[in-house]
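>
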Amino acid sequence: MSPPALPRRYLAFHSAGGAALYSALGAAWALLGLVELRPVAMPWAAVALGVITGLLLIGSFRAMQHASQIADEEMTPEARAERARRTGHAHWVLRVEGFAITLVSAALFLTSNHAYVAPATALIVGLHFVALAPIHKAPGDGIAGLLIVALAIATMIWVPGIPSIHRNPMNLAAGFGTGGILWMGALAMLLSRSPETPET
49 MSPPALPRRY
59 LAFHSAGGAA
69 LYSALGAAWA
79 LLGLVELRPV
89 AMPWAAVALG
99 VITGLLLIGS
109 FRAMQHASQI
119 ADEEMTPEAR
129 AERARRTGHA
139 HWVLRVEGFA
149 ITLVSAALFL
159 TSNHAYVAPA
169 TALIVGLHFV
179 ALAPIHKAPG
189 DGIAGLLIVA
199 LAIATMIWVP
209 GIPSIHRNPM
219 NLAAGFGTGG
229 ILWMGALAML
239 LSRSPETPET
């Protein structure tokens, strides 16, 4: 038996909010890569980071405006239960993600494997998106998660690491790679907005 459908307005807001979240997280990861480019390439890279993030966030907020124009529907008890179920499961995934990142990062620091902190964190973040995909019925989350997982594993295998958390090639690869994947995910969400959503 398939789960009850959630109202279009709710789904549209959820998608727009997801695009905004992907945009902001992508900027945070790209910033990690940016600090490894200092000092020569940093000004131009910083401008590019700001422009990309700004455009994606503007698109996300416009998507929220469009979503607000969709007629509000009464949510059935079944739909409310489905929303609560999704929220509860998603919160568990986020708790496990936070615990795993804290535990793995601490272990890497204590064993002087600082170079692996960024790709290991990216690996956990990717797995978190894979876990969220079936909860939110969002295949795009699963695709983004698998790409991030593949990137993280490739970084740990092929990118040389140094015994420091700073000036570390792994930070560059994991930072820009994960940021780029999240930005592409945000763009995909914005481009896949339902054509039935009213235009301004």
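Residue numbers for the sequence shown, in my numbering: 49 to 248. Cβ atoms here follow ideal geometry from the backbone N, Cα and C, with glycine treated the same way.
(1) Using 8 Å as the cut-off, classify the Cβ of residue 117 as near or not near the heavy atoms of the ligand ADP, replying yes or no.
(2) Just the Cα atoms here: how many angstroms apart are residue 182 and residue 193?
(3) Would DSSP call residue 169 helix, strand or coil?
(4) Would you identify the three-state DSSP class for residue 219, choosing helix, strand or coil?
(5) Taking Cβ positions, are residue 111 and residue 64 nearer each other than 9 Å?
(6) CB residue 67 to CB residue 235, shorter than 9 Å?
(7) What ranges does the alpha helix (DSSP H) occupy inside the stretch 80-162, keeping only unbroken runs of at least 4 residues that lie completely in it?
(8) Under the rule that 16 or more other beta-carbon atoms within 10 Å means buried, what is residue 139, buried or exposed?
(9) When DSSP labels each residue in this structure, what does residue 186 get in the three-state scheme?
(10) Hey, residue 74 and residue 206 are a contact pair by Cβ (cut 8 Å); roughly how many whole angstroms apart?
(11) Have a look at residue 93 and residue 160 and give me their C-alpha separation to the nearest angstrom.
(12) Can you say whether residue 120 is buried or exposed, counting buried as having 16 or more other CB atoms within 10 angstroms of its CB?
(13) Taking residue 176 as the reference, give the member of 141, 150 and 202 with the closest Cα.
(14) Measuring only the C-alpha atoms, how far is residue 187 from residue 173?
(15) Can the beta-carbon of residue 52 be found less than 9 Å from the beta-carbon of residue 129?
(16) Could you give the distance in angstroms between the alpha-carbon of residue 171 and the alpha-carbon of residue 115?
Working from what's here:
(1) Within the structure as shown, the ligand ADP is missing, as the structure has no ligands at all.
(2) 12 Å
(3) helix
(4) helix
(5) yes
(6) A contact, by the Cβ cut-off of 9 Å.
(7) 90-116 and 125-158
(8) exposed
(9) coil
(10) Not really, about 23 Å apart at Cβ, beyond 8 Å.
(11) 30 Å
(12) exposed
(13) 141
(14) 16 Å
(15) yes
(16) 32 Å
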